[in-house]
Amino acid sequence: MKSLTMATATRPRLLAPGTIKTRFVNVRSVFRAAVRDGMIAVDPTLQVRLPRLRRREAP
Numbered sequence: 002m003k004s005l006t007m008a009t010a011t012r013p014r015l016l017a018p019g020t021i022k023t024r025f026v027n028v029r030s031v032f033r034a035a036v037r038d039g040m041i042a043v044d045p046t047l048q049v050r051l052p053r054l055r056r057r058e059a060p
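Numbering (my numbering), first residue to last: 2 to 60.
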């Protein structure tokens, strides 16, 4: 599976796992509301596995 990238002027840059999680949580809430409202039958985000969050380095 390809990593999500964000294009820049010079080269593509990977999105941080925390950024991906934040965006995913927003999208998932929309899909859950659509299921609750009967607009779609199944939440397509149920089987999505997010990248692991990086541990913060000690100062």
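Cβ atoms here follow ideal geometry from the backbone N, Cα and C, with glycine treated the same way.
TODO: Give the single residue among Ile-41, Arg-55, Met-40 and Arg-24 whose Cα lies nearest to the Cα of Val-49.
DONE: Arg-24
- [ ] Give the DSSP-derived three-state secondary structure of Arg-14 in the structure shown.
- [x] Arg-14 falls in the strand class under three-state DSSP.
Open item on the list: Between Thr-11, Pro-18, Pro-45 and Gly-19, which has its C-alpha nearest Ser-30's C-alpha?
Closed with: Pro-45
Task: Coil, strand or helix - Arg-33 by DSSP - done: helix
TODO: Quick one: grab the DSSP three-state call for Arg-53.
DONE: coil
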